[in-house]
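Asks: Next up is a structure, given as structure tokens.
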DNA sequence: TATATGTGCAACTATTCGGTTTCGCAAATT
DNA sequence: AATTTGCGAAACCGAATAGTTGCACATATA
């Protein structure tokens, strides 16, 4: 199933899960201990995160270790790139100046 | 009303709106022309974006110009920072090695 | 072999979401 | 003054979402 990564990180619990398993692979039970929900709810979150390839799983006996697929996180960074230019230079402030000029011009006529 | 910025950028139309008004302030009508929805639907998106301060509005007669509040976008970047260390160094691969070692150890006993 | 543990899946529920249509209102235009 | 234009708000609707409970199944452990 195709999943939108931005929709996946929209949920605060899922973002917390991502942070949690970023450093160490963890089992659903271990993850669920950190939240005020059931293991099944966490399992659903993990499924969503897996579907959009933000998370990978590794079976180990009857346990399944979930870990972050860090590469996929770069996609968010990639989307941010188009705005990075804006907040590094000051194009947005320039735009405000232009808007103000336009308004002024309109008032004059 | 308090809004989650991640929930705000979860919707693809809202992300497109953000990109659209990043460079130039635009009116709801002008924005709606770019999408296959009604102006009212766009208006709702703009309300959500405004509520989480991703977008600011400037009234000009009967028109309202919406523009991106670029500063707020940095919050997403800020959240990504914790992972940036991971994809720059190779901690994730190291973690995989540790997991493999653990598995190996378990099989041995 | 019997029991406990770790897990995913299905069914159900309340809530949220994204969209449309209809409306009211203020500002521009005629 | 009458009409057009630009806009937000409200009411409504179907779909998606996040959560729960109950279940089935495989793997450990006794």
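Protein chains in written order, with my numbering: chain A, 34 to 142; chain B, 34 to 142. Every residue gets a Cβ at the ideal spot worked out from N, C-alpha and C, and that includes glycine.
At a cut-off of 6 Å, is residue 100/A close to the ligand PLP when judged by its beta-carbon and the heavy atoms of the ligand?
Replies: Of the ligands one can find in the structure shown there are none, so the ligand PLP has no counterpart to examine.
Asks: Which complete beta strand (DSSP E) runs does the stretch 58-106 of chain A hold, if anything under 3 residues is left out?
Replies: The qualifying runs are 88-93 and 96-101.
Asks: Which of the three DSSP states, helix, strand or coil, is assigned to residue 110/B?
Replies: As a working note, residue 110/B is residue 77 in the second chain. Helix at residue 110/B.
Asks: Determine the closest residue to residue 23/A out of 117/B, 119/B and 103/B, with distance taken between C-alpha atoms.
Replies: With chain A represented from 34 up to 142, any question about residue 23/A goes unanswered, as that position is not in the structure.
Asks: Going by beta carbon distance, what residues of the same chain come within less than 8 Å of residue 61/A, once the five residues before and after it are set aside?
Replies: Stepping through the first chain from its first residue, residue 61/A is reached at position 28. 72, 75, 76, 79, 97 and 99.
Asks: Measure the C-alpha to C-alpha separation of residue 87/A and residue 56/A and round it to an integer number of angstroms.
Replies: In the first chain, residue 87/A corresponds to position 54, counting from 1. In the first chain, residue 56/A corresponds to position 23, counting from 1. Distance between the alpha carbons of residue 87/A and residue 56/A is about 14 Å.
Asks: Which residue comes first and which comes last in the alpha helix (DSSP H) that contains residue 53/A?
Replies: For the purposes of this step, residue 53/A is identified with residue 20 of the first chain, where counting begins at 1. It spans 45-54 - the alpha helix (DSSP H) in which residue 53/A sits, taken as one unbroken run.
Asks: Please report how far the alpha carbon of residue 81/B lies from the alpha carbon of residue 43/A, in whole angstroms.
Replies: Indexing the second chain from 1 puts residue 81/B at position 48. Indexing the first chain from 1 puts residue 43/A at position 10. When rounded, the distance between both Cα atoms is 14 Å.
Asks: Would residue 34/B be called buried (16 or more neighbouring beta carbons within 10 Å of its own) or exposed?
Replies: The count along the second chain starts at 1 and reaches residue 34/B at position 1. When all chains shown are included, residue 34/B counts as exposed.
Asks: Is the Cβ-Cβ distance between residue 54/A and residue 101/A less than 7 Å?
Replies: For this step, residue 54/A is matched to residue 21 along the first chain. For this step, residue 101/A is matched to residue 68 along the first chain. For residue 54/A and residue 101/A, yes; Cβs fall inside 7 Å.
Asks: Distance, Cα to Cα, residue 70/B vs residue 106/A?
Replies: Here residue 70/B refers to the residue found at position 37 of the second chain. Here residue 106/A refers to the residue found at position 73 of the first chain. Straight-line Cα distance between these residues: approximately 30 Å.
Asks: Can you tell which of 89/A, 110/A, 94/A and 46/A has the C-alpha that lies nearest to the C-alpha of residue 66/A?
Replies: The sequence position of residue 66/A within the first chain is 33, counting from 1. The candidate whose alpha carbon is nearest that of residue 66/A is 46/A.
Asks: Helix, strand or coil for residue 35/B? Go by DSSP, reduced to three states.
Replies: Against the second chain, residue 35/B aligns to sequence position 2. Residue 35/B falls in the coil class under three-state DSSP.
Asks: From this set, 114/B, 92/B and 52/B, which residue's C-alpha is nearest residue 116/A's C-alpha?
Replies: Taking the first chain and counting its residues from 1, one reaches residue 116/A at position 83. Ranking 114/B, 92/B and 52/B by Cα distance to residue 116/A puts 52/B first.
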